[in-house]
Amino acid sequence: MSLPRIIENSPLARMARLKLKAGSVAMVLGSSIHLSGATREQFLSDPYWVAHEMEHIRQFQQYGRFGFLWRYVRDWARHGYYNIPFEVQAREAGEQNAGLYAAGRPLPTPEQRHPTPKAG
Ligand SMILES: [Zn+2]
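Take the sequence shown: its letters are residues 1 to 120, numbered as in UniProt numbering.
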C-alpha cells in the first residue's frame, strides 16, 4: 500500500491543533498528510488514523482542492467539527479500513488509538 507524502511539524496542522485543542492532529492537503504533535512513526503506528486520513485524500480527489475545502469550512461552521460530513465519513472509513494499513500487526486497542478531537 503506497502512502502519501507525510509532513511533520506542519504549521498548518499546528493551527488546526490549536483550534481543536487537540494534542496531535493530522490534516490532509491535496495528497499530503500534515502532522502536528505527532511524529511520522506515531501516525503510522495507528492504522485507524491512517485509514481516516486516506479517506480524506479520497474526498479531496473526488471534490477537488476548492470543492473539498469550501465544503469542509462551510460544514464546520454549520455542524461543528465532529459532525462535518467529511469527518463522519472518514471516521467510518477508519473503522472499516484499518486492517488495510495494519501491515500484519495487531490493531491497536482503544486506549492505544489516536483520540478523535471533539472540540471546535
Ligand atoms: Zn478527519
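Where is the CB? At the ideal position from N, CA and C, for every residue including glycine.
Item	Value
Got a sec? Which residues, its chain only, sit under 7 Å from Y72 by beta carbon, not counting five neighbours each side?	I84, F86
Using DSSP with H/G/I as helix, E/B as strand and the rest coil, what is R5?	strand
Per the contact definition of three or more C-beta pairs closer than 8 Å, is the stretch 59-79 in contact with the stretch 97-111?	no
Would you tell me roughly how many angstroms separate the C-alpha atoms of Q42 and Y63, rounded to the nearest one?	29 Å
Put A26 into one of helix, strand or coil per three-state DSSP.	strand
So does E87 have its beta carbon nearer than 7 Å to some heavy atom of ligand 1?	yes
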